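Residue numbers (this note's numbering): 5 to 583.
We put the beta carbon where it would ideally sit given N, CA and C, even for glycine.
Source: prediction; values computed, not measured.
Next comes the structure, spelled out in structure tokens:
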């Protein structure tokens, strides 16, 4: 059976590329964005080979860090690996990539996504043809694509950190799950994992040996990542542990002053459960310690907050957390204006080395996603939707499935700082952070280098037992101990503080105003989804969060949900949509 596969990737206008064609499938490399900067586009390499029984072709997109043999392209080496090992050949690779293998011998197409899902890769089946792409929008825009979503999708739209790998917020759109191979055969798509994060700590590890291993694997990952970056590179520096470690390694490797960047808001800082200390003093101290050329961006009030939320929706393709996206967009704009073609970020370090508050030992056993304990996003769902379906029950089912996916007992209550809960965090919570950084960066025209997102770093970090992971009785103790000679003591001792958020009163006013206007107009998809009386009560209340965080996680999501539905002309259907 002949299959049709279209792969749409964003490439600079100056590049013309023709992918292999075969009787089985065809791949079309098209321009899906006209403002993609040279430095942010994924490298493309393709090769095909005639073999007994048919032709095999490989299209490789991205940066694969393993050093292949002299004179051989990455696609040629990947083809060798495929022929030697079969579809699960990517287990020993590293980097960010999407790989397409077209095998005429068996009439199949394999779509391979990197270990931690840095490069997006979507697919959908319409009228018997399977289409795949690095961007969701061209697939959603195909004639015949069902632009609908149902109640179970609200769980992902309202929290972003419990999504089942391989699914998206639209039932008709699938993603190739991180560390998976999606095989297209006979008009059907099936997925298999080629790698998974460890789910058991190695209790036999010696502390000093383990700390040396952490240093070695993190240093190697950082050096390998920055060696392949488009220049000039801007090194983000919050004064937190993760960015400071990356910058210290980069400064030692460069042998000259690196360019570091930090940001702060013009409005006063506000401490809460995730923001214990201001970044600025620590960032300045690290920059001085490293001899870096340091730049501080100051984000003053007066911006169009709704426009920033709309930019985030357009870049991510889904609603996000609001102020976190807006702040990153402003930071990326500053980096691009300063001439940076790439930047470094510390995403993944907290997930891997136990840096989040919910991974503390005193949290104890958990019966749900620990990062969602105490949240109440489902409380705003319209009562009519929850007569035959429950937001909270769906969330509990997702948790049980996550444990099962990682070989755990769905009825167990594992400790929040256990390896299996960390593995669940890698496959459920981390994708939210990765998607945010990758999508917003690509939209801004700058390359995001995220060196902690290396499968070897994950393997080392999740193998650490609690006594080593929390060396010094502090979160990320092993990571701190591994680099305590490279950074000021104050930074090594600094407790976890989250990405800075905007507490400008104009932000809350803009969000409230937008939602009031939409409710008054009666033209919002929100009228089918939320309890309107309760929403109006919240809009009229001075307190719009649970008191633990300075910014509300839900109301900006509702703004973005409305913007998203309008952008893609989406409908909400109350009856369940079959995925």
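Close-in-space but distant-in-sequence residues of the same chain around residue i (CB under 6 angstroms, 5 per side omitted)
i, result
"residue 322", "173"
"residue 230", "254"
"residue 329", "316"
"residue 64", "49, 78, 79, 82, 103"
"residue 58", "108, 109"
"residue 363", "420, 421"
"residue 578", "none"
"residue 516", "543"
"residue 492", "289, 293"
"residue 435", "121"
"residue 563", "313, 515, 518"
"residue 225", "455, 458, 461"
Terminal residues of the beta strand (DSSP E) in which residue i lies
i, result
"residue 356", "Premise fails: residue 356 lies in the alpha helix (DSSP H), 353 to 357, not in any beta strand (DSSP E)."
"residue 52", "48 to 55"
"residue 585", "The structure shown does not extend to residue 585, since the chain spans only 5 to 583, so no value can be given for it."
"residue 192", "192 to 197"
"residue 298", "297 to 303"
"residue 264", "263 to 269"
"residue 78", "Not the beta strand (DSSP E): residue 78 falls in the alpha helix (DSSP H), residues 78 to 89."
"residue 101", "99 to 107"
"residue 343", "That residue, residue 343, is in no beta strand (DSSP E); it is neither H nor E in DSSP."
"residue 452", "451 to 453"
Classification of residue i by the beta-carbon crowding that lies within 10 angstroms, buried from 16 upward
i, result
"residue 115", "buried"
"residue 35", "For residue 35, the predicted model reports a pLDDT of 30, less than 50, meaning its position is unreliable; a value from the coordinates is still stated below. Classification for residue 35: exposed."
"residue 302", "exposed"
"residue 377", "exposed"
"residue 341", "exposed"
"residue 155", "buried"
"residue 479", "buried"
"residue 417", "exposed"
"residue 220", "exposed"
"residue 575", "exposed"
"residue 190", "exposed"
"residue 499", "exposed"
"residue 306", "exposed"
"residue 260", "exposed"
"residue 414", "exposed"
"residue 506", "buried"
"residue 308", "exposed"
"residue 164", "buried"
"residue 380", "exposed"
"residue 345", "buried"
"residue 512", "buried"
"residue 128", "buried"
"residue 326", "buried"
"residue 408", "exposed"
"residue 166", "buried"
Cβ shell of residue i (< 8 angstroms), same chain only, five flanking positions each side left out
i, result
"residue 39", "For residue 39, the pLDDT reaches just 28, beneath the cut-off of 50, and the residue's location in the model is therefore unreliable, although a value from the coordinates is still provided. Within the same chain, residue 39 has close Cβ partners 449."
"residue 268", "282, 283, 284, 300, 301, 302, 303, 504"
"residue 372", "399, 400, 403"
"residue 241", "247, 248, 251, 264, 265, 266, 287, 290, 291, 296, 298"
"residue 565", "161, 323, 529, 530, 533"
"residue 545", "none"
Span of the alpha helix (DSSP H), counted from its first residue to its last, around residue i
i, result
"residue 426", "423 to 432"
"residue 246", "245 to 258"
"residue 68", "Per DSSP, residue 68 belongs to no alpha helix (DSSP H); it is in the beta strand (DSSP E), 58 to 68."
"residue 312", "309 to 320"
"residue 587", "Summary: the structure shown does not reach residue 587, with the chain confined to residues 5 through 583, and so no result is reported for it."
"residue 180", "From DSSP, residue 180 is part of no alpha helix (DSSP H); its letter is neither H nor E."
"residue 537", "536 to 543"
"residue 564", "559 to 572"
Cutoff 7 angstroms; reference residue i; Cβ partners in own chain excluding five residues on either side
i, result
"residue 100", "66, 67, 118, 122, 123"
"residue 336", "444, 445, 448, 450"
"residue 168", "402, 405"
"residue 584", "Absent from the model: residue 584. The displayed extent of the chain is 5 to 583, so no value can be given."
9 angstroms Cβ cutoff, residue i in contact with chain D
i, result
"residue 99", "Absent from the structure is chain D; it holds one protein chain and no more."
query = What beta strand (DSSP E) runs, 3 residues minimum, are completely inside the stretch 116 to 147?
reply = Unbroken beta strand (DSSP E) runs of no fewer than 3 residues, entirely contained in the stretch 116 to 147, are found at 126 to 130, 133 to 137, following chain order.
query = Considering only residues of the stretch 143 to 177, which uninterrupted alpha helix (DSSP H) runs meet the minimum length of 4 residues and lie entirely inside it, listed in chain order?
reply = You should have 155 to 163.
message = At 3 residues or longer, what runs of the beta strand (DSSP E) sit wholly inside the stretch 462 to 502?
response = Contiguous beta strand (DSSP E) elements confined to the stretch 462 to 502 do not occur, taking only those with 3 or more residues.
request  = At 4 residues or longer, and completely inside the stretch 357 to 421: list those alpha helix (DSSP H) runs for me, N to C.
outcome  = Runs found: 395 to 409.
request  = Evaluate the contact criterion for the stretch 429 to 445 versus the stretch 336 to 351: three or more CB pairs, one atom per stretch, below 8 angstroms.
outcome  = Taking 8 angstroms as the limit for Cβ pairs, the verdict is that the stretch 336 to 351 does touch the stretch 429 to 445.
query = Which runs of the beta strand (DSSP E) spanning at least 3 residues fall entirely within the stretch 204 to 237, listed in chain order?
reply = The qualifying runs do not exist here; there are none.
inquiry  = Using 8 angstroms as the cut-off, can you tell me whether the stretch 520 to 540 makes contact with the stretch 557 to 575, which would need three or more C-beta pairs spanning the two stretches below that distance?
reply    = Look at the beta carbons and you see the stretch 520 to 540 touching the stretch 557 to 575: at least three pairs across the two are nearer than 8 angstroms.
task = Please confirm if the stretch 457 to 470 is in contact with the stretch 419 to 430, defined as three or more CB-CB distances below 8 angstroms between the two stretches.
result = Yes, they touch.
query = Any chance the stretch 205 to 222 sits against the stretch 465 to 473, with 3 or more Cβ pairs inside 8 angstroms?
reply = By the criterion of at least three beta-carbon pairs nearer than 8 angstroms, the stretch 205 to 222 is in contact with the stretch 465 to 473.
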